[in-house]
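Numbered according to mature numbering (1 follows the signal peptide of the UniProt record, and there is no 0), the sequence shown spans residues -28 to -1, 1 to 1177.
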Amino acid sequence: MDRDLEPVLPVLFLSLLTLPFLSPLSLASAQTEAQALLAWKSSLVDPPLSSWNIGGNPCNFTGIQCNRAGRVSVIDLQGLDLNGNIENLNFSALPALTTLNLNRNSLVGSIPSSIGTLSSLFLLDLAHNNFTGSIPSSIGNLTEILSLNLSDNSLNGPIPYQMGNLQKVRHLDLGSNYLENPDSPRFLSLLSLSNLSLYLNSLGPSVPEFIFRCSNLTYLDLSQNNISGEIPVQLASAVKKLEYLNLTVNFFEGQIPKELTNLRQLKDLRLAKNMLEGPIPEELGSMSNLRILELYENPLGGPIPGSFGQLRMVERLDLRNALLNSSIPQELGYCTNLSYLALANNNITGTIPASFSSLTKMREFGLSGTQITGEISPELLVNWTELMSLQLQENELIGTIPHEIGRLSKLTVLYLFANSFHGSIPSEIGDLRNLTELDLSANQLTGPVPSSIGNLAQLTRLSLFGNKLSGNLPLEIGNLTSIVIIDLSENNFEGPFPKTISSLEYVELLYAYTNKFSGELPANLGQHSPLTNVSLSNNTFSGTLPAGICDGGKLVYFTVDSNNVTGPLPQSLKNCSTLVRVRLERNQLSGNLDEALGVYPELVYMDLSDNQFSGKISPDWRKCEKLTYLHMARNRISGEIPTEIGQLTELADLSLSSNILTGEIPKELMEMIRLFKLNLSDNRLSGQIPMEIGQLTNLTNLDLSKNNLTGPIPEEIGKCSKLLSLDLSDNSLNGTIPYQIGNLVSLQSLLDLSQNSFSGRISPDFGKLTALEMLNLSRNNLSGGIPSSFSNMFSLSTADISYNQLEGPLPDISAFKNASAAYLTGNLGLCGQENGLHPCESSSPTLQRNNHRKLAITIAVPIAATLALALLIIGIFCLCRKTQEKSNFAGETNVGSEISIWSSEGKMTYNDIVKATDNFDERYCIGKGGHGSVYRAMLLGGQIVAVKRMHTPENGDLTSQKSFENEIKALTEVRHRNIVKLYGFCRQHGYMYLVYGYMERGSVARVLQEEDEARELGWGKRLHVVGGIAHALAYLHHDCVPPIVHRDVSSNNVLLDTEYEACIADFGTAKLLNPDSSNWTTAAGAYGYMAPELAYTMKVTEKCDVYSFGVVALEILTGRHPGELLTNLSQGQEAILKDALDPRLSPPTGQLAEEIVCTVMLAMSCTRANPDSRPTMRYISQELSARSQTFLSEPLGAIRMSKYL
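1) Kindly identify the DSSP beta-bridge partner or partners of asparagine 73.
2) Label leucine 912 either buried or exposed according to how many other C-beta atoms from any shown protein chain fall within 10 Å of its C-beta, with 16 as the threshold for buried.
3) Could you spell out the range, first to last residue, of the beta strand (DSSP E) harbouring lysine 993?
4) Among the candidates Arg973, Phe328, Pro301, Ile320, whose CA atom is the shortest distance from the CA of serine 311?
5) Identify the continuous beta strand (DSSP E) that holds methionine 578 and give its terminal residues.
6) Just the C-alpha distance for glutamate 448 and leucine 1098, rounded to the nearest angstrom, thanks.
7) Taking only the alpha-carbon atoms, compute the straight-line gap between threonine 1148 and tyrosine 387 and give it to the nearest angstrom.
8) Under a three-way DSSP split, which group does isoleucine 1171 fall into?
9) Which residue marks the beginning of the alpha helix (DSSP H) containing tyrosine 882, and which one marks its end?
10) For glycine 1060 and alanine 1112, what's the separation of their Cα atoms in angstroms?
11) Measure the beta-carbon distance from glutamate 225 to leucine 248 and round it to whole angstroms, keeping in mind my assumption that it falls under 8 Å.
12) Does the segment 570 to 587 come close enough to the segment 537 to 554 to have 3 or more Cβ pairs within less than 8 Å?
13) Would you tell me roughly how many angstroms separate the C-alpha atoms of leucine 272 and glutamine 430, rounded to the nearest one?
14) Just curious, the alpha helix (DSSP H) that proline 350 is in, first and last residue?
15) Would you mind working out which of Ala314, Ile324, Thr1139, Gly281 sits nearest leucine 304, comparing C-alpha positions?
16) Express the C-alpha separation of leucine 719 and proline 736 in angstroms, rounding to a whole number.
17) Please return the same chain residues whose Cβ sits closer than 7 Å to the Cβ of valine 205, not counting the five positions on each side in sequence.
18) Where does the unbroken beta strand (DSSP E) through arginine 978 begin, and where does it stop?
19) May I have the straight-line CA-CA distance separating methionine 1173 from alanine 1085, to the nearest angstrom?
20) When you compare only the Cα positions, how much space is there between alanine 1170 and valine 1132?
21) Okay, do the segment 724 to 731 and the segment 692 to 710 touch, 3+ Cβ pairs below 8 Å being the bar?
22) I need the straight-line Cα distance from serine 869 to cysteine 897, nearest angstrom please.
23) Is the segment 393 to 401 in contact with the segment 418 to 433, if contact means three or more CB pairs nearer than 8 Å?
24) Phenylalanine 94: which of Asn39, Leu69, Gly780 sits nearest, CA to CA?
25) I need the boundaries of the alpha helix (DSSP H) containing phenylalanine 769, first residue and last residue.
26) Kindly indicate the opening and closing residues of the alpha helix (DSSP H) around isoleucine 1088.
27) Rounded to whole angstroms, what's the CA-CA distance from valine 537 to asparagine 487? Just pull it up for me.
28) Just checking, does the segment 293 to 307 make contact with the segment 1090 to 1097 on the three C-beta pairs under 8 Å criterion?
29) With H, G and I counted as helix, E and B as strand and the rest as coil, what does DSSP make of glycine 1018?
30) Under 8 Å: do the segment 617 to 624 and the segment 581 to 598 share three or more Cβ pairs, one atom per stretch?
31) Rounded to whole angstroms, what's the CA-CA distance from tyrosine 216 to leucine 238? Just pull it up for me.
32) Report all residues from its chain with a CB closer than 6 Å to the CB of asparagine 75; omit the five preceding and five following residues, and keep chain order.
33) Assign histidine 394 to one of three DSSP states: helix, strand, or coil.
34) Between Arg292, Val141, Asn198, which lies nearest to serine 174 when the distance is taken from Cα to Cα?
35) Touching or not, the segment 158 to 167 and the segment 125 to 137, by the rule of three or more beta carbon pairs under 8 Å?
36) What does a CB cutoff of less than 6 Å around arginine 751 pick up in its chain, not counting 5 residues either side in sequence?
Structure follows, in structure tokens:
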């Protein structure tokens, strides 16, 4: 029987005994009562009280009962959705009222003080309404009251102490309001009170003292009240009859009092979600009457007490997220009444005890996110026939899934994902006819999906991704008539997609990407289901797209890229206004785009590249106002670029390359100020480059090559200061190359102005492009000499200046010294000692002018020699004095390098470095670390480098000098925009010197420590930094031969330039990996960033870098080292993603939030304890670039980070 109804029974019994005998006096009273009720009815909004009529007997009104005297004694109008207030109800006209029940309506306003006139009232229930204001003190006049329920309203202020006058009250419920602690000293003892519910109020910071004077309490609920301090031991002595005690969701701290064991009648103890510390008292095991014990989400720590085995009556035990650190005690197997056991997200080790097979009443078992090992015992499954939920995900379980799993006939939830199960999925899984959720993802399962899976007609979720499953999908999958989510991605499935899937009526999410599926997609897919997410990428599907893929009208994500799909786009896609992300690239789709596509107001990402689409670009694209990424490259699209495209103010990446576009480049495109990539190459565009190009200040990549553009390059292009790559080649551009090109100091990968009609001289400002790696000025009409400033372009690896009219000597940098003849041919005036050119002395056209200079030189040389001799004498004198102060450096400047290795760009000597740092004076030191000190050195040519000075190991770590030299040589050839350039190495008298490119902003660690700079490093920049690190490591691991493992990735070794471009640095500890070697070597890396396996093995693999990357990525997003976060998560403590992000920045929203979630998910996967379960850096790099599977299935504030471990 409902506990809330118990106090009401006497009142109802009295009401049934009172049959109306109507005297003239009672008729007059009845008329007064009727008038009061009808007046109240008239104040309500459309009340469903049709029987309440003028002249009617109130005893016949709906919800009204009368006593023997014909007086109204009961008003019971609960659940009628009454709208209005009770201030218009004349309580004084109802003196015989014993019951007033208005529960579950929509009444508002305050509780009138006149309610205190109901002196005969036994029961008052105003719960589940919208009453506001304070509880009137007159409530204390209801001295006959037995049950008072004001819960679930919006009442505020202190609980009136006058309630202490309610000496007969047994049931008092004031929960779910905004009430505060009463004036307890004036609050009388309520000795009749047995049930007191004050949950979800604002009673804190202390427990109301009047409670300790309610000695007959059996039920006490103080949950969610912001109460702090220790749990008062007075509870155990003052209210000894308690059977139910709920202190959940408060701020109680300290240890759980052992005195609680004095509550011998206690059956239900709930202390969850506080700040209680451990260990859990062993004495709690003596509370033999306990049925329910909840201690979850407290930082308890310590072991699970073995004494809990004495709780023979316990049915529910919840210890999840409690930082527990132990194995599971065998004694818990004695709790044979246990039906619910939750131990998830703790640092629990060992195996599931064999004694658990005795727990035959078990219905829900949760042990996810621990470190449990071993296999699932078949005996356990045989005995747990009542089990409804089995959650063992995110552990270290091994072996096969037992065939006995089929014995769990009542099972509804089976989560085994993120373990190390192998073997096949047992066919007995089909015996689980009540199963609603099945997740076996992220294991090592092999073989086909059994056809028996079709028996699971109640299944709503099927997740098998990230295994090694193979074969054809069974046709029986079409029997999953309740299925909502199907995820088959990242397996080895092959063959056709079962047509039966298209008949499933409730499917919303269908993922099958990265498999080997082939054949045509089911023609009816989407016609009978409300699909929201469909990803079928990276397969070999052929045929046409399903015609009704968006017939459900809810499709949000649709990706079928990298298949062999042909034909036009289905009509249903044109009307699919809910689309957010669409990837159709790398197929053979065709058709007229302007007819096939519609308007997508929610669209963020669209890629149609590498197909055979034709038609024109519709002006309606302007209506896709949220679009950030639009690629239509390599199709057959014609016509002009509509000016309306410029209205896409959120667009960041636009590629229309390799089509048949004509006309001019609309100047309106230059209004898309968020654009960072623009590719219009390989079309038939004409006219001039718009002068407004300078407005695109965020542009990093601009490619207008292979068109018919004419006119000069606008000077305004120099304002695009973030450009990394600029390609204007193969056009008909003319005039001089503007010197403003030299302002593009961020240019790195490419500057290509070839195959145009440029004339005039090359501006000396080109020398500012010190980061540029590839330069192509070929096939123009450039004349004059190559500016001497080119000698500053140390990063330049290739330079093609062929077929111009250039003359004079070549710059003394490797790009020209090592250039092939093809890069220099067609310039009759060039001279030099290399490349097959004529010597400059005989071929210089300025020879006559030089003869005049010889006379000046003849006069100047003696004078200069005299001055030099004087300076030399002064220098020797100063040097002798400095020798006394720095004797340890004096000899170094005069001794040749023992070993010296420089990259092809390196143009410096050891003496250059010594001079630039004044013999490594402390004022040039910019950092010190475990491997040495770093100095800032400005060389004579103005180049700034960073020099790392380290002691040469004396313990034999570099036993093979030749091997080490080879490693350094290989590292100097590493070229990547996100890797700090290593110019060279030398060794000198006990020190090693590594010379790197200098990064202006310093390390990520430093930026995160500086409040202002950390705030300037917004979410977009942070994501860009993380992506840069990933790209760099992917290059080292997968594009270098042999692969390179960095071994010391940390936030101190990720450096930032002025534009926040990230570069990884410090190869001082890096080793080259021979893929055929075991690579056992000295452990390296910074504390807090090293992979955990290096604690017990010194085997270094790429997966060590992957772990370090995950830590750095989390550090960048959280703003602090994530060591504590990762430790807490590994020990079972939960963390909400939104709360973990750097609080110095506003929470991300929209697409930015989605990218943050994607990045955190990938970073967390990198920090898995098992190296084999970590992804590769190539996979991480690709996912960060594409984010093809990104979507928010829940709000940012609800995402738990543990599920990504």
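Don't be surprised by glycine CBs; every beta carbon is placed ideally from N, CA and C.
With the given structure in hand:
1) Note: asparagine 73 sits in a beta bridge opposite Asp48, Asp97.
2) By the C-beta density criterion, leucine 912 is exposed, having fewer than 16 other C-beta atoms within 10 angstroms.
3) Unbroken run through lysine 993 is the alpha helix (DSSP H), 991 to 1010; no beta strand (DSSP E).
4) The shortest C-alpha separation from serine 311 is found at Phe328.
5) It spans 577 to 579 - the beta strand (DSSP E) in which methionine 578 sits, taken as one unbroken run.
6) C-alpha separation (whole angstroms): 42 Å.
7) Put simply, the backbone Cα of threonine 1148 is about 26 Å away from that of tyrosine 387.
8) Isoleucine 1171: coil per DSSP, three-state reduction.
9) That run of the alpha helix (DSSP H) goes 882 to 888.
10) So the alpha carbons of these two residues sit roughly 18 Å apart.
11) About 7 Å; that satisfies the 8 Å criterion.
12) Pairwise C-beta distances place the segment 570 to 587 in contact with the segment 537 to 554, as three or more of them are shorter than 8 Å.
13) About 39 Å.
14) Note, proline 350: alpha helix (DSSP H), 350 to 355.
15) With distances taken between Cα atoms, leucine 304 lies closest to Gly281.
16) The alpha-carbon atoms of proline 736 and leucine 719 are separated by roughly 16 Å.
17) Cβ neighbours of valine 205 beyond the five flanking positions: Pro229, Glu231.
18) Careful: arginine 978 lies outside any beta strand (DSSP E), inside the alpha helix (DSSP H) at 976 to 981.
19) Between methionine 1173 and alanine 1085, the C-alpha separation is close to 14 Å.
20) Approximately 14 Å between the Cα atoms of the pair.
21) As far as the Cβ criterion goes, the segment 724 to 731 touches the segment 692 to 710, which means the pair count is three or higher.
22) In this predicted model, serine 869 has a pLDDT of only 41, less than 50, meaning its place in the structure is not dependable enough to derive any value.
23) By the C-beta criterion, the segment 393 to 401 is judged to be in contact with the segment 418 to 433, since at least 3 inter-stretch pairs fall below 8 Å.
24) The shortest C-alpha separation from phenylalanine 94 is found at Leu69.
25) A small correction: the amino acid at residue 769 is serine; phenylalanine does not occupy that position in the sequence shown. Membership of serine 769 in any alpha helix (DSSP H) is not indicated, and neither H nor E is assigned to it by DSSP.
26) Taken as a continuous stretch (DSSP letters only), the alpha helix (DSSP H) holding isoleucine 1088 covers 1074 to 1090.
27) Rounded to the nearest angstrom, the two C-alpha atoms are 15 Å apart.
28) Judged by Cβ distances under 8 Å, the segment 293 to 307 makes no contact with the segment 1090 to 1097, as fewer than three pairs qualify.
29) For the record, residue 1018 in the displayed sequence is histidine; it is not glycine. Here histidine 1018 sits in coil by DSSP.
30) Yes: the two stretches touch, three or more of their Cβ pairs being nearer than 8 Å.
31) Their backbone Cα atoms lie some 6 Å apart in a straight line.
32) If the five residues before and after asparagine 75 are omitted, its C-beta is found closer than 6 Å to the C-beta atoms of Gln50, Asp97, Ala99, His100, all from its own chain and listed in chain order.
33) Histidine 394: strand per DSSP, three-state reduction.
34) For serine 174, the closest of Arg292, Val141, Asn198 by C-alpha to C-alpha distance is Asn198.
35) Yes, they touch.
36) In its chain, beyond the 5 residues on either side, Ser726, Gln727, Tyr775 have a beta carbon closer than 6 Å to the beta carbon of arginine 751.
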